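There are 4 protein chains.
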Amino acid sequence: KCEIFIGDVPSNDSFVRINVGGQRFMLRKETILRRGVGRLVQLVNQEVDAHSEADAYFRSSNEYYFERAPALFHIIYQFYITGQIHQPSHLCPMDIVEELDYWQIVSEQYLAECCCADIAIKEENDVDEVVKPNLFKTLRFGNIRKQIWDIIEEPASSGKAQVFAALSVLFVLVSISGLVLGSLPELQVPLHSSENSTEIVEMEPLPIIGYVEYVCIVWFTFEYGMKMLVSAERQKTFMQLLNIIDLLAILPFIIEMMLLVFGVSTEQLRDLKGAFLVIRILRVLRVIRVLKLGRYSSGLQMFGKTLKASFRQLGMMAMVVMTGVIFFSTLVYFLEKDEPNSKFHSIPAACWWCIVTMTTVGYGDLTPITVPGKLVATGAIACGVLVLALPITIIVDNFMKVAEGERPHGGGPAPRVRTSGL
Amino acid sequence: KCEIFIGDVPSNDSFVRINVGGQRFMLRKETILRRGVGRLVQLVNQEVDAHSEADAYFRSSNEYYFERAPALFHIIYQFYITGQIHQPSHLCPMDIVEELDYWQIVSEQYLAECCCADIAIKEENDVDEVVKPNLFKTLRFGNIRKQIWDIIEEPASSGKAQVFAALSVLFVLVSISGLVLGSLPELQVPLHSSENSTEIVEMEPLPIIGYVEYVCIVWFTFEYGMKMLVSAERQKTFMQLLNIIDLLAILPFIIEMMLLVFGVSTEQLRDLKGAFLVIRILRVLRVIRVLKLGRYSSGLQMFGKTLKASFRQLGMMAMVVMTGVIFFSTLVYFLEKDEPNSKFHSIPAACWWCIVTMTTVGYGDLTPITVPGKLVATGAIACGVLVLALPITIIVDNFMKVAEGERPHGGGPAPRVRTSGL
Amino acid sequence: KCEIFIGDVPSNDSFVRINVGGQRFMLRKETILRRGVGRLVQLVNQEVDAHSEADAYFRSSNEYYFERAPALFHIIYQFYITGQIHQPSHLCPMDIVEELDYWQIVSEQYLAECCCADIAIKEENDVDEVVKPNLFKTLRFGNIRKQIWDIIEEPASSGKAQVFAALSVLFVLVSISGLVLGSLPELQVPLHSSENSTEIVEMEPLPIIGYVEYVCIVWFTFEYGMKMLVSAERQKTFMQLLNIIDLLAILPFIIEMMLLVFGVSTEQLRDLKGAFLVIRILRVLRVIRVLKLGRYSSGLQMFGKTLKASFRQLGMMAMVVMTGVIFFSTLVYFLEKDEPNSKFHSIPAACWWCIVTMTTVGYGDLTPITVPGKLVATGAIACGVLVLALPITIIVDNFMKVAEGERPHGGGPAPRVRTSGL
Amino acid sequence: KCEIFIGDVPSNDSFVRINVGGQRFMLRKETILRRGVGRLVQLVNQEVDAHSEADAYFRSSNEYYFERAPALFHIIYQFYITGQIHQPSHLCPMDIVEELDYWQIVSEQYLAECCCADIAIKEENDVDEVVKPNLFKTLRFGNIRKQIWDIIEEPASSGKAQVFAALSVLFVLVSISGLVLGSLPELQVPLHSSENSTEIVEMEPLPIIGYVEYVCIVWFTFEYGMKMLVSAERQKTFMQLLNIIDLLAILPFIIEMMLLVFGVSTEQLRDLKGAFLVIRILRVLRVIRVLKLGRYSSGLQMFGKTLKASFRQLGMMAMVVMTGVIFFSTLVYFLEKDEPNSKFHSIPAACWWCIVTMTTVGYGDLTPITVPGKLVATGAIACGVLVLALPITIIVDNFMKVAEGERPHGGGPAPRVRTSGL
Ligand SMILES: [K+]
Ligand SMILES: [K+]
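Quick note, the sequences are listed as chains E, U, F and P, same order.
Residue numbers for the first sequence follow the working numbering, so the first one is 300 and each next one is one higher.
Residue numbers for the second sequence follow the working numbering, so the first one is 300 and each next one is one higher.
Residue numbers for the third sequence follow the working numbering, so the first one is 300 and each next one is one higher.
Residue numbers for the fourth sequence follow the working numbering, so the first one is 300 and each next one is one higher.
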């Protein structure tokens with residue numbers, strides 16, 4: 300196994316001698332060939348005179364000179380030995396990526412799982428930036444569909460698109476304002492119902508608010524319809540979360556329209572018990588339009604991405620919290636239910652108390668009265684403080700990563716920051 | 300002490316010259332022999348020609364060539380000098396472990412306490428993965444007992460075991476649902492008691508809920524009984540936390556059974572004052588079944604392990620919080636007790652207020668009224684915010700370590716992550 | 300591209316051989332000249348004999364010896380190759396700055412964005428310390444204006460200035476005390492109004508408090524007036540945040556004065572409905588004087604700087620919180636509004652509940668009663684806990700940076716701390 | 300300035316050539332002498348043949364061989380050049396301290412402020428462990444005083460001392476229990492007052508509780524008296540915080556004793572208005588005994604040390620919070636005070652609301668009703684969440700440092716941990 304060299308045999312032995320910026324490295328040719336990738340393989344495979352890969356060659360010492368930082372070559376050297384890229388944490392990941400590029404090592408396959416998260420993120424982000432191919436080229440009316448699509452979906456593409464985006468934001472804000480203002484008793488009028496004698500007079504927003512809302516929903520429908528009409532990949536577009544939100548935001552309106560077409564007005568439905576529930580749900584669904592803001596706010600998108608990235612942790616946390624809630628609320632229920640004036644009527648009622656307590660909200664609408672109940676409450680609070688603190692670190696970590704990825708970057712070669720950026 | 304070399308005496312002096320990937324290191328033979336472990340010791344002990352430990356040998360410079368990363372050899376070099384392994388924080392711990400393996404240094408004994416937590420954790424986790432020996436082999440009916448044991452305790456072992464595990468989860472969930480639903484007044488009926496005239500009519504869950512609960516408890520008893528019956532190490536199995544929980548979950552049922560055997564029904568006991576307390580405790584004990592979920596949720600297990608690992612910190616925190624609670628509640632009690640309508644009747648009552656305040660829950664059922672009382676309350680809040688913030692960092696740290704250890708890992712050589720993993 | 304050297308040609312080839320503290324580095328002359336900056340360029344450009352830049356020159360090996368730390372030279376070496384300064388995170392930023400100074404590289408232009416935040420902050424702080432030129436020299440009465448300015452604005456400049464600063468703090472504290480004490484019912488007297496018959500008797504602070512307040516405001520006016528009178532850059536002084544606060548603090552008094560000049564007393568205005576609002580606003584504006592404390596408290600200034608530095612994150616957080624608040628409060632409004640005794644009268648009312656809930660304050664003045672409302676409340680709490688936790692890490696990070704910059708430092712060459720300092 | 304060497308002059312030039320574990324370093328003799336400290340100075344000063352400082356000497360290359368880790372020598376090398384010790388963050392501080400010891404550099408004077416916090420802490424802890432000289436030797440009855448002192452103050456010194464410490468803890472716990480139990484209405488009896496006709500009957504704890512308390516206080520007095528009697532440095536002992544607490548805990552008892560001596564019983568004082576206040580204060584002072592627990596709990600001591608170390612940050616935080624509280628409560632007061640049923644009677648009352656709100660306790664005893672009031676409340680909550688989050692990081696950091704220092708450590712050479720320890 301061990302080769303023995305008696306004299307100096309620099310010019311034609313089994314070693315490749317590499318001088319990286321003055322510092323010497325040695326590698327056996329067989330080790331390089333076993334790995335089979337990178338600039339050094341080409342050096343070994345070439346004939347003796349063709350040293351085009353190196354920056355200089357010193358025949359007397361049989362050294363190839365590469366003008367690269369010695370500190371970074373250690374990563375390359377280690378790769379040839381172990382077949383894995385380990386990232387020393389003190390070096391800038393951008394630097395390492397560039398070094399791997401120079402040495403012609405496609406890093407993705409060789410990144411060691413244990414320490415290369417930074418580089419992996421870098422690579423992933425690069426993938427995001429790949430220019431999408433124009434899918435409209437092969438379609439009928441492709442040109443005009445592309446133009447409309449760009450106006451609706453790519454606000455940065457043209458002046459028209461910017462105006463369209465501004466209009467969209469405006470309509471969303473007006474629509475939300477209409478919803479909020481319409482709920483103020485000062486801006487409500489009694490419902491124009493025929494039965495004057497009923498005790499509870501239902502209130503309705505001022506007609507003007509209703510008209511404004513109709514205009515907004517017409518715009519939303521128009522926007523959604525256009526998008527669907529011109530989309531090159533209709534199914535993919537339809538399934539995107541933001542577009543599902545768009546559809547849900549106009550759904551109540553569409554259903555009402557369809558009912559009208561079939562000759563049923565909402566006033567008539569009000570009398571039917573089952574239908575009344577449908578109306579209430581439709582009304583609650585109006586809130587979906589608030590989520591349309593997500594399309595226009597980078598903060599909301601980052602929050603959404605963080606939630607997505609922390610899905611597993613949030614699930615685990617929810618599981619632990621739920622178990623804790625059921626445990627403590629069952630305990631408190633059994634300890635408190637026989638007290639006179641106890642508000643712990645049932646375990647679900649105690650669950651509400653437990654959620655409010657474990658999250659330290661503490662409304663005080665239900666509080667334990669007995670001493671054992673108070674001791675259990677203390678346990679629940681302690682448990683809540685601990686359970687909520689634990690996964691937040693991980694979620695905050697995910698948020699930091701998302702925040703880094705979102706960072707707008709100019710033309711510099713190394714735009715991303717490793718710590719504390721936003 | 301200092302050896303003096305007048306000319307170049309490379310081939311036969313007291314030094315070992317090591318060329319690690321092109322970088323030169325020197326060590327005195329006596330230093331290596333004093334340490335007495337590792338690949339270099341074998342190099343020194345062998346005869347001159349047997350260089351089988353090294354990758355190459357250069358006689359002209361008397362150098363042994365090892366094809367390893369120079370950056371990592373620094374750790375090995377330092378070990379031979381100081382006898383301790385210090386871990387530079389910028390290198391990947393997985394890498395270091397592999398390097399120590401190559402140099403045949405059993406790291407556990409030499410890890411410096413000051414900086415090798417990462418490696419130590421790595422080693423410890425490896426120990427966990429050791430395959431357990433089959434304890435059933437030497438027992439009577441060993442084969443069938445092993446089969447039943449695997450079905451009950453190793454869900455991943457076979458299809459039958461998976462079905463069994465799914466059934467167990469189902470029964471736990473049904474049992475918890477029964478407990479929760481049985482507490483709803485809508486699903487309760489008045490107790491079939493003979494004394495109609497009593498003012499307070501006790502309510503009981505619908506009979507169907509009772510029957511479901513009986514079925515669940517029969518299953519739990521069957522499961523626990525089988526496990527105990529076939530266990531190879533009955534005492535160890537009995538003492539495991541999860542099995543103690545299983546036992547406690549069926550205990551109320553077992554006690555009731557035993558009472559029935561002795562001809563005593565719970566209805567009769569209700570009239571005895573002392574026995575009534577027993578019944579209440581038995582009823583509260585029903586909540587234990589919620590903890591059975593811990594067996595099936597990785598989140599709960601991680602939370603449990605974190606609590607165990609943070610035992611000392613939690614104890615200290617509890618001590619500080621308790622002192623603070625007693626201090627501030629005594630103060631508030633003396634300041635507030637003479638106010639008309641004061642709810643601070645006693646120091647324990649003030650303690651409840653103080654816990655609720657220091658944890659920032661703030662129910663508002665008790666609030667100080669006097670100015671000195673409010674000042675003390677401000678101090679209590681400030682103290683609470685600080686005290687609770689302090690050890691959480693440490694506990695979160697423990698949680699992160701537990702989360703890393705839990706991480707499922709495939710066949711890769713370096714599956715564990717150092718930062719922010721879950 | 301690759302130069303080939305057959306024999307040893309140390310004395311006159313295309314390489315510069317650098318010996319940094321014993322460790323050898325090599326760079327091609329063309330690479331150095333391409334970069335065009337730093338001590339090495341001067342080395343290359345000079346004639347062979349003038350080695351004044353280096354500490355020593357070894358002709359036999361054609362090496363220039365520099366007595367610098369080899370570990371730090373890696374940064375310089377990498378700069379010559381890539382044109383960027385990357386900062387290894389394990390080295391002290393102060394050290395790196397000094398090393399860049401030695402090698403005559405003006406770091407600002409070459410700092411890689413990806414990893415040089417620490418150095419950039421260091422440079423920025425240095426800029427703050429530049430001595431301001433004396434702007435008063437060229438002005439009329441420049442000398443006396445400078446003296447007055449120093450007394451008012453530079454408390455450290457002289458004993459008089461210290462006395463003045465102490466007086467200012469005293470007057471601010473007295474003025475705030477007057478405001479607070481004047482609100483106590485015990486220190487109020489009924490307004491000396493002629494209409495005795497009115498039901499609601501307005502109360503006014505004791506006359507003595509009013510007099511004290513007048514004295515304070517006269518001082519504030521005098522201080523502000525003097526500052527404006529002597530300022531060398533009146534417009535810049537006027538626009539500074541602290542001076543705007545000073546102006547706002549005396550504005551109510553000035554307006555009242557002006558009204559008096561025009562023969563209108565506040566008592567007369569009280570009867571006019573529109574004017575009454577003006578009086579109330581003037582009264583609320585009195586609170587501005589509390590902010591004058593910001594001039595004298597380093598904690599407040601750090602807090603202000605942190606807010607400024609975290610402007611973008613706070614905006615994003617506000618956006619996400621607002622969306623969440625509108626979403627959850629609309630949901631709760633629709634679910635709760637038809638309950639009898641519901642306090643969710645309108646969406647804005649529900650917004651108040653939602654803010655109080657999401658921040659875990661939880662007054663309990665409004666709480667959901669229905670089960671769907673409670674489920675939505677649970678979602679709102681979970682969302683609040685997460686949303687508030689996320690950007691706080693970034694803001695805390697900004698605070699730490701601000702805290703470091705504020706650190707008082709003596710005459711040592713490396714006064715700033717990298718971690719955990721304040 | 301630049302020395303030029305034409306041929307190889309290794310044996311007698313101005314350089315010291317150092318071979319650290321195979322890696323070569325060079326330093327000019329004048330640089331070493333300018334610094335004037337450490338092992339290398341001795342090397343330079345000695346005659347040529349006396350190389351006792353080095354591990355080997357190679358005359359052919361004029362190199363001194365030191366068998367030390369090359370990675371650590373970089374710190375020493377940099378020290379000789381810049382005169383400062385910079386700590387690379389990836390190396391273990393324990394390691395660096397040992398290396399500095401080997402090279403005979405007394406680190407304290409040369410630690411660069413910018414990056415050597417870890418080493419500085421290490422040095423400081425070492426100082427704590429210095430054995431105290433026996434101060435009792437020169438005193439009268441020194442031997443017996445030392446014995447008693449050890450029993451009282453050094454629980455680890457002997458079996459008797461352990462029994463004494465256990466007794467002390469017991470008496471503290473009994474005394475606190477007495478205080479708490481004595482406040483329970485169930486354990487109180489009406490005061491044996493002669494005036495039966497008074498409406499408000501004052502309650503007093505059961506006589507048994509009073510007797511227990513007397514016993515405890517006698518013990519405390521005995522303990523404190525003995526300690527003072529035998530102390531070698533009475534003044535220093537008197538001024539220690541824990542002893543001041545001890546004194547305050549027995550002060551009410553001592554005062555009562557002295558009053559009795561002068562023929563005044565507390566019952567007589569009760570009728571005097573001024574004296575009644577004194578009695579109340581004396582009663583409140585009883586709470587001091589709770590703080591005696593601090594002597595026996597490491598958690599409390601760590602908390603105390605953290606508070607002491609974070610004094611500046613806590614002060615700053617208090618300043619910011621106070622300004623915020625006054626600002627927001629003044630605003631809310633002016634906005635809410637004219638509402639019917641407003642509870643914001645005065646600014647101090649609003650301050651209480653503001654503290655409760657900014658710390659997210661949220662009792663709900665006072666809540667703003669008007670819309671501007673609610674907007675201000677939202678601002679106060681946001682401000683509170685931010686202000687409280689900011690300095691906690693710093694205080695937690697201080698706590699971690701204190702926690703590390705407290706760590707019990709055995710005989711190993713590197714007992715302290717850098718991260719996450721407790
Ligand atoms: K709360
Ligand atoms: K609350």
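Backbone N, C-alpha and C define an ideal beta-carbon position, used for all residues, glycine too.
Owing to the predicted nature of the structure, the values given are computational and were not obtained by experimental measurement.
Asked	Found
Closer than 7 Å at the beta carbon, the chain P residues around F:Trp651	Lys673
Separation of E:Asp354 from F:Phe372, as counted between CA atoms	21 Å
P:Glu397: first and last residue of the uninterrupted alpha helix (DSSP H) it sits in	Pro392 to Tyr401
Reference U:Ile317, options U:Gln487, U:Leu674, U:Phe602 and U:Glu366, closest by Cα	U:Glu366
Inter-residue spacing [alpha-carbon to alpha-carbon] between F:Leu332 and F:Tyr409	16 Å
Beta-carbon gap between E:Ile549 and E:Ile516 smaller than 8 Å	yes
E:Tyr662 to E:Val670 span [Cα, whole Å]	20 Å
According to DSSP, residues forming a beta bridge with P:Met325	P:Arg316
Proximity test, Cβ basis, 8 Å: P:Met601 and chain F	no
Alpha-carbon to alpha-carbon, F:Gly321 and P:Met325	5 Å
Three-state secondary structure assigned by DSSP to E:Ile543	helix
Length of the line joining the Cα atoms of P:Glu512 and U:Val619	24 Å
Euclidean distance between Cα positions of E:Val514 and F:Thr622	22 Å
Minimum C-alpha distance to U:Gln341 - residue among U:Arg358, U:Ile395 and U:Trp402	U:Trp402
DSSP beta-bridge partners of F:Ile384	F:Leu410
Whole-angstrom C-beta distance between P:Glu635 and P:Phe627, which should lie under 8 Å	Actually they do not touch by this definition, with Cβ atoms about 12 Å apart.
Continuous alpha helix (DSSP H) assignments of at least 4 residues falling wholly in the segment 595 to 674 of chain P	597 to 608, 610 to 635 and 646 to 657
Nearest-angstrom Cα separation, counted from F:Val631 out to F:Ala608	35 Å
E:Val488, enclosing beta strand (DSSP E) - first and last residue	Gln487 to Pro489
First through last residue of the alpha helix (DSSP H) which encompasses U:Phe365	Unbroken run through U:Phe365 is the beta strand (DSSP E), Glu362 to Phe365; no alpha helix (DSSP H).
Residue burial classification, E:Thr437 (beta-carbon count within 10 angstroms, cutoff 16)	exposed
F:Val660 Cβ short of 7 Å to ligand 1 heavy atom set	yes
Chain-ordered chain U contacts of P:Cys391 [CB-CB under 9 Å]	His385, Gln386, Pro387, Ser388, Ala411, Cys413, Cys414 and Cys415
Limits of the unbroken beta strand (DSSP E) element including U:Glu512	Taken as a continuous stretch (DSSP letters only), U:Glu512 belongs to no beta strand (DSSP E), being part of the alpha helix (DSSP H) at Pro506 to Val529.
Nearest-angstrom Cα separation, counted from P:Thr605 out to U:Gly598	33 Å
Cβ of E:Ser457 within 8 Å of any chain U Cβ	no
Residue from F:Leu613, F:Gly593, F:Phe602 and F:Gly614 whose Cα sits closest to the Cα of F:Val471	F:Gly593
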